[in-house]
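Here the sequence shown is numbered in my numbering, starting from 6 and rising by one per residue.
Data first, discussion second: the structure below is written as structure tokens.
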Amino acid sequence: MVYNDISPRTQAHVDRKLLTRATPNNILGQFGQSRTIPSKSTKSITFRRFNKLTAATVPLLEGVTPNGKTLTKTDITVNLQQYGDFITITDVIQDTHEDPVLQESTDILGEQSGETWDILRAGTLKAGTSVFYANGVARNAVNTVVSRDQLRTIARLLRRQHAKPIKEVIKAGPNVGTGPIRAAFIAVCHCDMFPDLEKMAGWKDVSEYPTAMGLIEGERGSVGDFRFVEDNNITPWADAGGAKGATLSTTGVSSDVYPILIFGKDAYATVALAGKNAVSTYVNNPKPTDSDPLAQRGTVGWKGYTATAILQDLWMMRVETACIG
């Protein structure tokens, strides 16, 4: 922890404020494995998976030793990257009480840090190799909305690959932990998709759930095996689809193509350095320097390390669909 020019008490307040503010923008931090790398060790981590053995269906012969099997493994290595930003403030930060400038700065930076993490994770997860098109066999053909029957097909495809529904999510914020939820595959998509999703047969809005217990941050509703979560950082590919027809289009020519990211348990992982939130805050009171002789400027900032890795492409799916809205 870096205290800089404020007391430990004030720094603790700033840290908690930043993380609380970041939570609503950090949707994709909820559904993957969470790993940390100790500080002063390395910037990389390797995930190892020992591959499944085929079933032993051949009867043993009396007195004959079978050939046996050899374990095979898959290694996935990811490197941490550092990100951060700061705000210059012109008012003196009061160390004895909450200053409005400090509060506003930490609020805005908290939103920025959470959104930064989420955008980075979305970029990695949108690049997965398992893809299902609402129509056609490539993105440039897509101009229809994913259907209820297609969602059933996707659930069947995931289960055939032994993908398991998610039963708990990571609770973000200053008190990081996990919380149980009703088991389901998690589907994350842009807000534009929900008018179409809400028209599906069997759609259940969160307001219809029997209890608010186990709600997911950003959750809007569910249908079949899927719980749908809103995340506007899952942005569409503008004009990437087929002829627009009645679908949304940036230029009015071709359909915008919207990804829906669907996850089973352990499909991906997020990695932090020395702490699950991997964010340090920095507050510097104005003080005289050669460039600021009248001590008119101070700064509030954040810095952290993060990385995201797809662990098993077969346990996730990117649905590419158009949207009528």
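Ideal placement from N, C-alpha and C gives every residue a C-beta, glycine not left out.
In this text the structure is predicted, and so the values were computed from the model without any measurement.
Quick one: what does DSSP say residue i is sitting in, helix, strand or coil?
i, result
"T216", "coil"
"T121", "helix"
"C328", "coil"
"T111", "helix"
"I159", "helix"
"P264", "strand"
"E67", "coil"
"L76", "coil"
"P298", "coil"
"G34", "helix"
"A127", "helix"
"E222", "coil"
"L319", "helix"
"D271", "coil"
"F55", "strand"
"V142", "coil"
"E116", "helix"
Where residue i and residue j are concerned, what is the direct C-alpha to C-alpha distance, given to the nearest angstrom?
i, j, result
"W320", "A188", "15 Å"
"N30", "D123", "7 Å"
"V284", "L266", "26 Å"
"M205", "I32", "24 Å"
"Q301", "Y88", "27 Å"
"F55", "N84", "21 Å"
"L65", "T59", "16 Å"
"N238", "D197", "12 Å"
"A279", "G309", "10 Å"
"P291", "K57", "59 Å"
"V4", "A243", "Nothing can be reported for residue 4: it is not among the residues displayed for the chain, which extend from 6 to 330."
Anyone know if the C-beta pair for residue i and residue j falls short of 9 Å?
i, j, result
"A312", "S39", "no"
"G229", "L156", "yes"
"L316", "F36", "no"
"F199", "V324", "no"
"G184", "G141", "no"
"D297", "S135", "no"
"I171", "F190", "yes"
"L163", "G269", "yes"
"V258", "A327", "no"
"F233", "A192", "yes"
"A314", "T129", "yes"
"S49", "T82", "yes"
"V305", "S110", "yes"
"E173", "I159", "no"
"G207", "R161", "no"
If you count every other CB in all the chains shown that lies within 10 Å of the CB of residue i, and 16 or more means buried, which is it?
i, result
"R126", "buried"
"D210", "exposed"
"S212", "exposed"
"R4", "As shown, the chain starts at 6 and ends at 330. That puts residue 4 outside it, with no answer to give."
"V63", "exposed"
"L253", "buried"
"Q86", "exposed"
"T75", "exposed"
"D236", "buried"
"P43", "exposed"
"M322", "buried"
How about residue i: is its Cβ closer than 8 Å to a heavy atom in the ligand SAM?
i, result
"D154", "Questions concerning the ligand SAM fall outside what the structure shown contains, since it holds no ligand whatsoever."
Contact between the segment 145-156 and the segment 246-261: three or more CB pairs below 8 Å?
-> yes
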